[in-house]
Each structure stands twice: as structure tokens, then as C-alpha cells.
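Asker: Here full-length UniProt numbering is used: the first residue of the sequence shown is 1, the next is one more, and so on.
Please read through the structure below; I'll follow up with questions.
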Amino acid sequence: MIDTLKQLLRGALFFVLAIIGMTMAFIFMISSAFAIGILYVVARVKGRPFGVKAYWAQRRKAPMQKNPFKNNDVMDIEMRELR
């Protein structure tokens, strides 16, 4: 009798935790869809395309920063011997 009661309580606890987890996942999905909708509207208002391809195309077109290590004016080098 006690084992049956313990199993029922464990089952009920598992069911409650499963419902809570599914509710949290549903809230996360809805909030993610809402955020993507906002990003889409902002992109449309600014006249930019919305998508991964457009993002990477924009990133590739951005001017690359000057490489600070490409300077050929190095005059002195300090060397250390490792043992």
C-alpha cells in the first residue's frame, strides 16, 4: 500500500514537473517568435532585408580593419632563450 502511494506521488510529481517544463518551453518559443517579429519589422522599416544571407552579405561588405601587424618599420626585436 505504501509503495503504491509512493509511486502515485512520484508519478504526480513527474507529471507536474513535465507540465511546468512544457509551459516554460512554450513561453520561450512565444517570446523568441515575438523577438524575431520585432527584428523583422525593424528591418522592414529601415529598408533592409531580413535573413541570414542578408546579414552575412552585409558583414562581408564592411571595410576590414587595418592589420596592425603588417607594419614593416620594425627596428628592434628582443629575443629570449627558453630552456
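The C-beta atom is built at its ideal place from N, Cα and C for all residues, glycine as well.
Small disclaimer: the values here were computed from a predicted structure and weren't measured.
Is the beta carbon of ALA43 less than 8 Å from the beta carbon of PHE34?
Answerer: Against a cut-off of 8 Å, the Cβ pair of PHE34 and ALA43 comes out as no contact.
Asker: In chain order, which beta strand (DSSP E) runs of at least 3 residues are fully inside the segment 21-49?
Answerer: Taking only runs of at least 3 residues, no beta strand (DSSP E) segment lies wholly in the segment 21-49.
Asker: Residues in its own chain within less than 7 Å of GLY37 by CB, not counting five upstream and five downstream?
Answerer: Excluding positions up to five away in sequence, the list is empty.
Asker: Quick test of your reading: ALA54 and ARG60, contact by CB under 8 Å. State the CB separation rounded to the nearest angstrom.
Answerer: Not really, about 11 Å apart at Cβ, beyond 8 Å.
Asker: Between which two residues does the alpha helix (DSSP H) carrying ARG80 extend?
Answerer: That residue, ARG80, is in no alpha helix (DSSP H); it is neither H nor E in DSSP.
Asker: Taking the C-alpha atoms as reference points, what is the distance between VAL45 and MET29?
Answerer: When rounded, the distance between both Cα atoms is 24 Å.
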